[in-house]
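*Asks:* Chains as they are written, first to last, in the working numbering: chain S, 949 to 1565; chain W, 260 to 416. A virtual CB, placed ideally from N, CA and C, is assigned to each residue, including glycine. Values in this document were obtained by computation on a predicted structure and should not be read as measured data.
This is the structure we're talking about:
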């Protein structure tokens, strides 16, 4: 038999079910407290009430603070999730398409530029070869001048030797001399022009060719870089899609943690009500409440039993509170951990490692800069080509003029040689030497004409190459290739900087949220405070129980303790209210599991039989 | 829901060097980075890059001149090393401007990373050390009863 039943039996009360109330009712009739004991009681209980009141107030403040923070946390997580999703979408969809399009456009542009550069290189190489030929050919004229001068001297000697027989040859020597001087002057003039003009042309051609060659050499590297970026982008798009799935899962986990947090905070409401109820019962034990409605009898033994019950309730509240606090702390840690994962996800999504300089966005920006620098080289090469063409056209014109002048001398040489031959034939045998001289002049004229023609041909080739270069430059400008590439780079860079800024934003938000969560977690020391306060209050109540039940050691006391614990474990205010109503009105059935389970054992009694102190329930 | 720009580099008391005028000037720097970030978030960093580079160069010059005057006025023992750091940033700022003027407009990410790192590092270490020294000098002057003004015009350099 339960101790309450035993006690109730002693007092003529019914067995358990309503046994707690019966048990208390029986012992309320025991001796009243002495005045001095009563005063000590009141003070001690007053302190316990004040402590529990303060505890409830403080814990409520802590929970309200967390509750208030919840909406902030939730909003921050929502923003982070929104931005992460936007980032992943941007990378995998809009930005991905744009960037791929831009990179493909840049690749096409580079391919065109490369083809143009290779063609330009070929033309410039040809022009350099022709310029070398012009130079060598002009050098050949030096020999012609020297030979012609010698021929002039020999003609004079020969005409002198012939004496009167050469009377008709007088003008021939003068003509050869004059022609020699004329050729010398014009060739020197042409050589002088060449010496002044060819080196600058060569220089322009060399620098232009170097630029073109540099462009040709750089372009493959740039094209490789763009191809690599395209591959990276494709890879990043795949990662962005996978990342979106993971982020959704992380967001789901955070939402779950929030739900748990809310449940834990709500759970606190139960413990708060338990403590409030204990406070209420303790207040009803005060002398002011005695005799009032709801006042509890202050007879030591029944009061001790009431206090023991409250102590058990506090113990139960303490356990529930500890579980609730641990769950809140766990939920906060979970949220912080998931926020960290989300941040890392965004960083790895864009290729951020520990070193930000390795980020995908920054590498993309560096590629954009390299491509822009490449385009500047292209511009420079095109400008140099244009300058080369303009300078070349002018030089070729001047060279043509000089060569045409030499050609007029060649004609004179041929005529002179022809005249000399005719006169030598008139003289007969003594004119043989003169005929040899005339033949040599003719040969010289022939060679000179060959050189002039070669020169004109070389200049013609150079001129044609120059025209093709000019056409190429004009077509480069008209297809707007570089301009299109610059627009594509601007778009690509704009996307990269948006991603970069978005990730920075997410990182800052996450860092702040984690710090906030951590601060909240650190300041949430209410668990230990509550446990300590409950331990202290229970100790005090226990002391009062022991002091006021010196002789209270009924058989089955241990079982009674278990009953109280059991009641407290399944305690609800409704259960207590049911007990109260059951006792006072003798109609209600208690809802508490423990009490309800044994309801059938309770024969209902009339309210008047339950004593005046049952109201406290 | 929309992505409202956050301050990517928020001035908090941990960046304070405890000298009000320097702290105020540092906050301008933080704002430059935040403005650049906000523009980048909209994909329009390049549009304000020229203005920001000009401002950064001018502001860097003014702020550094001010700090250097303060240091000289109190015979700050670390003046030389501090000025070397300033010169480093002046050089970098000029270099960024030159690149921009050459047509290299794609440098917003690099500029943000560079400025953020430099400002954090310089403010948290070198300037804080200067701030401590200046505060000590001012407290000493106040204790001595002589209102020793830290006249920036008086240079001992």
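Any chance the CB of residue 1219 of chain S is under 7 Å from a heavy atom of the ligand HEM?
*Replies:* No copy of the ligand HEM appears in this structure; indeed no ligand is present at all.
*Asks:* Using 8 Å as the limit for Cβ to Cβ distance, is residue 1302 of chain S near chain W?
*Replies:* Within the first chain, the letter at position 354 stands for residue 1302 of chain S. For residue 1302 of chain S, the predicted structure reports a pLDDT of 47, less than 50, and the residue's modelled location is therefore unreliable. The matter cannot be settled from this model.
*Asks:* Can you tell me the Cα-Cα spacing of residue 343 of chain W and residue 390 of chain W, whole angstroms?
*Replies:* The count along the second chain starts at 1 and reaches residue 343 of chain W at position 84. The count along the second chain starts at 1 and reaches residue 390 of chain W at position 131. Computed Cα separation, rounded: 17 Å.
*Asks:* Under 8 Å, CB to CB, which of the residues in the region 361-373 of chain W have a partner in chain S?
*Replies:* So the list reads 361, 362, 363, 364, 365, 366, 367, 368, 369, 371, 372, given in the order they occur along the chain.
*Asks:* Since residue 1452 of chain S is in the alpha helix (DSSP H), which residue starts that stretch and which ends it?
*Replies:* Taking the first chain and counting its residues from 1, one reaches residue 1452 of chain S at position 504. It spans 1429-1471 - the alpha helix (DSSP H) in which residue 1452 of chain S sits, taken as one unbroken run.
*Asks:* Is residue 1325 of chain S buried or exposed, if buried means 16 or more other CB atoms sit within 10 Å of its CB?
*Replies:* Numbered from its first residue, the first chain carries residue 1325 of chain S at position 377. The residue is buried, with at least 16 neighbouring Cβ atoms inside 10 Å.
*Asks:* Tell me the rounded alpha-carbon separation between residue 312 of chain W and residue 399 of chain W.
*Replies:* Stepping through the second chain from its first residue, residue 312 of chain W is reached at position 53. Stepping through the second chain from its first residue, residue 399 of chain W is reached at position 140. Those two C-alpha atoms are separated by around 40 Å.
*Asks:* State the Cα-Cα distance for the pair residue 1302 of chain S and residue 1460 of chain S, rounded to the nearest angstrom.
*Replies:* Walking along the first chain from the start, residue 1302 of chain S turns up at place 354. Walking along the first chain from the start, residue 1460 of chain S turns up at place 512. At residue 1302 of chain S the pLDDT is 47, less than 50, meaning the model places this residue with poor confidence and gives no usable figure here.
*Asks:* Name the chain S residues that come within less than 7 Å of residue 296 of chain W, Cβ to Cβ?
*Replies:* Residue numbering aside, residue 296 of chain W sits at position 37 when the second chain is read from its first letter. Per Cβ cutoff of 7 Å: 1449, 1452.
*Asks:* Find the nearest neighbour of residue 284 of chain W within the set W:291, W:263, W:322, W:306, judged by alpha-carbon distance.
*Replies:* Locating residue 284 of chain W in the second chain gives position 25, counting from the first residue. Considering only alpha carbons, the answer is W:322.
*Asks:* Using beta-carbon positions only, say whether residue 1383 of chain S and residue 1372 of chain S come within less than 8 Å of one another.
*Replies:* Counting from one through the first chain, the residue named residue 1383 of chain S turns up at place 435. Counting from one through the first chain, the residue named residue 1372 of chain S turns up at place 424. Result yes, Cβ atoms of residue 1383 of chain S and residue 1372 of chain S sit closer than 8 Å.
*Asks:* Would you call residue 1356 of chain S buried or exposed, if buried means 16 or more other Cβ atoms sit within 10 Å of its Cβ?
*Replies:* To locate residue 1356 of chain S, count along the first chain from 1; it is residue 408. Per the 10 Å Cβ criterion, exposed.
*Asks:* Go ahead and label residue 341 of chain W buried or exposed: buried means 16 or more other beta carbons lie within 10 angstroms of its beta carbon, across all protein chains shown.
*Replies:* The residue labelled residue 341 of chain W in the question sits at position 82 within the second chain. Buried, since its Cβ has 16 or more Cβ neighbours within 10 Å.
*Asks:* Assuming residue 1061 of chain S and residue 1429 of chain S form a contact by the criterion Cβ under 8 Å, report the distance between their Cβ atoms to the nearest whole angstrom.
*Replies:* Counting from one through the first chain, the residue named residue 1061 of chain S turns up at place 113. Counting from one through the first chain, the residue named residue 1429 of chain S turns up at place 481. Indeed they touch by this definition, with Cβ atoms about 7 Å apart.
*Asks:* At what residues does the alpha helix (DSSP H) containing residue 367 of chain W begin and finish?
*Replies:* Mapped onto the second chain, residue 367 of chain W falls at position 108. That run of the alpha helix (DSSP H) goes 367-380.
*Asks:* Could you list the residues in the region 1450-1477 of chain S with a C-beta less than 7 Å from some C-beta on chain W, going in chain order?
*Replies:* Here the close residues are 1450, 1452, 1453, 1456, 1457.
*Asks:* Are residue 1174 of chain S and residue 1283 of chain S closer than 8 Å when you measure CB to CB?
*Replies:* Counted from its first residue, the first chain places residue 1174 of chain S at position 226. Counted from its first residue, the first chain places residue 1283 of chain S at position 335. Against a cut-off of 8 Å, the Cβ pair of residue 1283 of chain S and residue 1174 of chain S comes out as no contact.
*Asks:* Would you check if the region 293-304 of chain W and the region 1434-1448 of chain S touch, i.e. whether three or more CB-CB distances between them fall below 8 Å?
*Replies:* Yes, since at least three Cβ pairs between the region 1434-1448 of chain S and the region 293-304 of chain W fall closer than 8 Å, the two stretches touch.
*Asks:* Would you say residue 1174 of chain S faces chain W, with C-beta separation under 8 Å as the test?
*Replies:* Taking the first residue of the first chain as 1, we reach residue 1174 of chain S at position 226. No, residue 1174 of chain S lies away from the interface with chain W (no Cβ there is under 8 Å from its Cβ).
*Asks:* Between the region 1417-1424 of chain S and the region 1251-1267 of chain S, are three or more C-beta pairs nearer than 8 Å?
*Replies:* Because the criterion of three Cβ pairs below 8 Å is not met, the region 1417-1424 of chain S and the region 1251-1267 of chain S do not touch.
*Asks:* Where do the N-terminal and C-terminal ends of the alpha helix (DSSP H) with residue 401 of chain W fall, by residue?
*Replies:* Locating residue 401 of chain W in the second chain gives position 142, counting from the first residue. Counting along the chain, the alpha helix (DSSP H) containing residue 401 of chain W begins and ends at 387-402.
*Asks:* Against chain W, which members of the region 1321-1353 of chain S pass a CB distance test of less than 8 Å?
*Replies:* Those would be 1321, 1324, in chain order.
*Asks:* How would you label residue 1105 of chain S, buried or exposed, when you count the other beta carbons within 10 angstroms and need 16 or more for buried?
*Replies:* Locating residue 1105 of chain S in the first chain gives position 157, counting from the first residue. It counts as exposed.
*Asks:* Would you kindly work out how many angstroms separate the C-alpha atoms of residue 1479 of chain S and residue 1270 of chain S, rounded to a whole number?
*Replies:* Walking along the first chain from the start, residue 1479 of chain S turns up at place 531. Walking along the first chain from the start, residue 1270 of chain S turns up at place 322. Between residue 1479 of chain S and residue 1270 of chain S, the C-alpha separation is close to 7 Å.
*Asks:* Just to confirm, are residue 372 of chain W and residue 295 of chain W a CB contact at a threshold of 8 Å?
*Replies:* Position 113 of the second chain holds residue 372 of chain W. Position 36 of the second chain holds residue 295 of chain W. Result no, Cβ atoms of residue 372 of chain W and residue 295 of chain W do not sit closer than 8 Å.
*Asks:* So, is the C-beta of residue 1276 of chain S closer than 8 Å to a C-beta in chain W?
*Replies:* Position 328 of the first chain, counted from the start, is the residue given in the question as residue 1276 of chain S. So, not an interface residue.
*Asks:* Between residue 1410 of chain S and residue 366 of chain W, what straight-line distance do the alpha-carbon atoms span, to the nearest angstrom?
*Replies:* Here the question's residue 1410 of chain S lines up with position 462 in the first chain. Here the question's residue 366 of chain W lines up with position 107 in the second chain. One C-alpha to the other measures close to 43 Å.
*Asks:* Out of S:1070, S:1376, S:1220, state which residue places its alpha-carbon closest to the alpha-carbon of residue 1007 of chain S.
*Replies:* As a position in the first chain, residue 1007 of chain S is number 59, starting the count at 1. When only C-alpha atoms are compared, the closest one is S:1220.
*Asks:* On the DSSP letters alone, give me the boundaries of the alpha helix (DSSP H) that residue 342 of chain W sits inside.
*Replies:* Your numbering for residue 342 of chain W matches position 83 in the second chain. That run of the alpha helix (DSSP H) goes 338-360.
*Asks:* Please report the distance separating the alpha-carbon of residue 1567 of chain S from that of residue 992 of chain S.
*Replies:* Because chain S in this structure spans residues 949 to 1565, residue 1567 of chain S falls outside the shown range and cannot be described.
*Asks:* Can you list, in chain order, the residues of its chain with a C-beta nearer than 8 Å to that of residue 1483 of chain S? Leave out the 5 residues immediately preceding and following it.
*Replies:* Numbered from 1 along the first chain, position 535 holds the residue referred to as residue 1483 of chain S. 1266.
*Asks:* So that I know if they touch, is there some Cβ in chain S lying closer than 8 Å to that of residue 309 of chain W?
*Replies:* Here residue 309 of chain W refers to the residue found at position 50 when the second chain is read from its first residue. False, the Cβ-Cβ gap to chain S never drops below 8 Å.
*Asks:* Do residue 1272 of chain S and residue 1225 of chain S come within 8 Å of each other at the CB atom, strictly closer than that value?
*Replies:* Along the first chain, read from residue 1 onward, the residue named residue 1225 of chain S stands at position 277. Along the first chain, read from residue 1 onward, the residue named residue 1272 of chain S stands at position 324. Contact flag unset, no.
*Asks:* Using a Cβ-Cβ cutoff of less than 6 Å, which residues in the same chain neighbour residue 978 of chain S once the five nearest sequence positions on both sides are dropped?
*Replies:* Stepping through the first chain from its first residue, residue 978 of chain S is reached at position 30. Note that residue 978 of chain S scores a pLDDT of 43, beneath 50, so its modelled location is shaky; the value from the coordinates is reported in the next line. Cβ neighbours of residue 978 of chain S beyond the five flanking positions: 1247, 1249.
*Asks:* Contact check, residue 277 of chain W vs residue 394 of chain W under 8 Å by CB: the rounded distance?
*Replies:* Counting from one through the second chain, the residue named residue 277 of chain W turns up at place 18. Counting from one through the second chain, the residue named residue 394 of chain W turns up at place 135. About 5 Å; that satisfies the 8 Å criterion.
*Asks:* Between the region 1194-1214 of chain S and the region 1274-1288 of chain S, are three or more C-beta pairs nearer than 8 Å?
*Replies:* Segments in contact, yes.
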